[in-house]
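Residue numbers (full-length UniProt numbering): 1 to 480. Built from N, CA and C at the ideal position, the CB exists for glycine as well. On a predicted model such as this, the values are computed, not experimentally measured, just so you know. Written below as structure tokens is the structure these notes are about.
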């Protein structure tokens with residue numbers, strides 16, 4: 001398990017209206033699957049790959065509003081050529097995958113609405129707006145950019161306020177209202193982590209933020225753009241046929257709409273740098289905003305999708321090649337991580353952790369399998385919960401406004417109240433963590449163990465772990 005997946009294992013222990021800086025939709029879905037499959041890698045993979053599949057489907061459906069089946073396939077498969085989706089989505093991302101699906105769903109709903117402004121289509125726009133906000137709060141930028149873009153295109157502007165227009169805001173607000181109320185009452189909790197990651201500072205040059213934005217944009221779109229250029233080459237410069245308006249009448253409004261949407265997204269990003277002093281962007285933030293780029297491209301050049309275009313096979317071939325590359329990378333990843341860290345067992349990758357063996361050794365050391373679990377980091381805590389699904393687990397790493405000692409004290413209080421014991425466990429690299437939390441437990445020393453991993457070379461050093469098991473009757477403050 002990696003960062004985002006581990007968060008889901010811990011957050012899905014209970015239903016809530018909000019989970020810190022993240023909206024609840026993905027965690028609610030994960031909670032539902034865990035009720036059936038338990039807090040397992042299978043449960044994580046099922047939700048993740050369902051979200052990935054939904055993203056491809058919604059991209060294809062959005063493209064089919066305008067393009068042929070071949071063009072729609074190229075639009076959907078273009079997502080694979082964006083490394084934040086084609087690779088990172090498989091590797092770790094959760095909320096980003098879901099919000100990317102909602103962004104493409106909203107795009108398809110807007111295209112439907114412009115072509116046929118009916119009450120059902122307004123409700124569909126509202127549905128994706130509400131679900132998108134429940135997937136990630138940055139979706140507000142997608143909504144705003146699409147709305148402003150529609151205002152600038154006559155046919156789209158006319159479609160905005162036809163009969164039943166009020167269904168869009170009504171449905172969207174009804175879906176988002178419960179979590180929106182939670183955000184208003186937990187504003188700092190919902191925004192602090194994201195603002196911290198943006199590294200907002202007037203001490204940093206605007207050029208630093210602009211350079212970072214360009215770098216992130218390139219790392220998101222460059223591979224796809226290179227494949228397009230190499231596949232279609234001179235066809236990109238060829239003029240459209242004389243009967244283009246008759247063959248593709250939607251191009252007169254769809255290309256300005258999608259192009260201006262991307263323009264307004266870009267202007268918003270630049271404004272964040274120039275006016276907001278944002279100096280750090282991440283690929284996963286940009287991906288949902290620019291996921292419509294392949295659709296916009298084939299709307300701009302619809303002649304490329306022709307069935308008799310011989311160069312289309314090059315594009316399809318490139319997609320298949322990179323699909324195989326990413327599949328091979330994902331398959332080999334645990335063993336590559338193990339080989340890379342074989343001489344640094346204290347810094348081993350989470351994918352190489354001997355989780356079942358660690359759980360068995362903890363049982364042998366006295367852990368009863370019922371006591372709450374505290375991990376020095378949330379990834380280790382999540383891995384332990386996957387082995388002991390009936391217990392409550394939490395990570396107690398240092399966070400803004402929360403020390404490990406305070407987190408462990410809260411866990412001890414909960415263990416006292418429920419009559420359960422408490423297991424504290426860490427990697428070897430977290431020895432400093434113990435100095436802060438041991439006084440809370442009443443213990444002076446932690447115990448250690450070293451466990452080999454099956455995903456590391458045979459001669460690699462075993463992974464060291466530290467732990468303290470506080471039985472129920474010895475929890476500080478427990479009733480005898």
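Report the residue from the options whose alpha carbon sits nearest the alpha carbon of residue i.
i           : options               : result
residue 128 : 107, 115 and 231      : 107
residue 154 : 256, 216 and 213      : 256
residue 82  : 467, 231 and 220      : 220
residue 77  : 88, 55, 94 and 90     : 55
residue 140 : 123, 283, 114 and 173 : 173
residue 285 : 268, 407, 319 and 373 : 268
residue 182 : 450, 20 and 80        : 20
residue 243 : 397, 227 and 302      : 302
residue 376 : 435, 38 and 413       : 435
residue 304 : 169, 26 and 233       : 233
Going by DSSP, which residues form a beta bridge with residue i?
i           : result
residue 372 : 422
residue 399 : 402
residue 219 : Residue 219 pairs with nothing; no bridge assigned.
residue 469 : 423
residue 394 : 374
residue 268 : Looking at the DSSP assignment, residue 268 forms no beta bridge with any residue, so it has no partner.
residue 448 : 466
residue 19  : 22
Roughly how many whole angstroms lie between the Cα atoms of residue i and residue j?
i           : j           : result
residue 480 : residue 473 : Unreliable positioning characterises residue 480 in this predicted model, as indicated by a pLDDT of 40, which lies under 50. The coordinate reading is nonetheless provided below. Those two C-alpha atoms are separated by around 6 angstroms.
residue 292 : residue 324 : 24 angstroms
residue 415 : residue 470 : 10 angstroms
residue 51  : residue 41  : 15 angstroms
residue 297 : residue 251 : 11 angstroms
residue 210 : residue 288 : 19 angstroms
residue 265 : residue 149 : 10 angstroms
residue 464 : residue 428 : 5 angstroms
residue 22  : residue 262 : 25 angstroms
residue 190 : residue 143 : 20 angstroms
residue 188 : residue 179 : 14 angstroms
residue 167 : residue 98  : 23 angstroms
residue 218 : residue 444 : 52 angstroms
residue 360 : residue 387 : 9 angstroms
residue 236 : residue 163 : 40 angstroms
residue 357 : residue 124 : 49 angstroms
residue 397 : residue 80  : 34 angstroms
residue 119 : residue 419 : 56 angstroms
residue 276 : residue 270 : 9 angstroms
residue 96  : residue 229 : 27 angstroms
residue 372 : residue 406 : 16 angstroms
residue 147 : residue 351 : 43 angstroms
residue 273 : residue 53  : 34 angstroms
residue 37  : residue 328 : 27 angstroms
residue 24  : residue 169 : 20 angstroms
residue 408 : residue 393 : 11 angstroms
residue 115 : residue 161 : 13 angstroms
residue 16  : residue 238 : 55 angstroms
residue 27  : residue 401 : 24 angstroms
residue 413 : residue 8   : 24 angstroms
residue 316 : residue 322 : 10 angstroms
residue 206 : residue 449 : 49 angstroms
residue 3   : residue 383 : 11 angstroms
residue 102 : residue 184 : 23 angstroms
When the distance is taken between beta carbons, is residue j closer than 8 angstroms to residue i?
i           : j           : result
residue 30  : residue 6   : no
residue 57  : residue 47  : no
residue 10  : residue 246 : no
residue 404 : residue 425 : no
residue 307 : residue 64  : no
residue 216 : residue 282 : yes
residue 391 : residue 370 : yes
residue 395 : residue 378 : yes
residue 354 : residue 294 : no
residue 89  : residue 75  : no
residue 399 : residue 467 : no
residue 159 : residue 223 : no
residue 100 : residue 85  : yes
residue 104 : residue 62  : yes
residue 240 : residue 299 : no
residue 248 : residue 156 : no
residue 130 : residue 176 : yes
residue 320 : residue 231 : no
residue 421 : residue 368 : yes
residue 318 : residue 227 : yes
residue 212 : residue 279 : yes
Query - alpha helix (DSSP H) runs wholly inside the region 28–93, at least 4 long, in chain order - result: 41–64, 69–78, 83–86 and 88–91
Query raised in the report: Which ranges does the alpha helix (DSSP H) cover as unbroken runs of at least 4 residues, wholly within the region 142–185, from first to last along the chain?
Result: The region 142–185 contains these whole alpha helix (DSSP H) runs: 154–160 and 167–185.
Requested in this report: At 3 residues or longer, and completely inside the region 247–320: list those beta strand (DSSP E) runs for me, N to C.
Outcome: none
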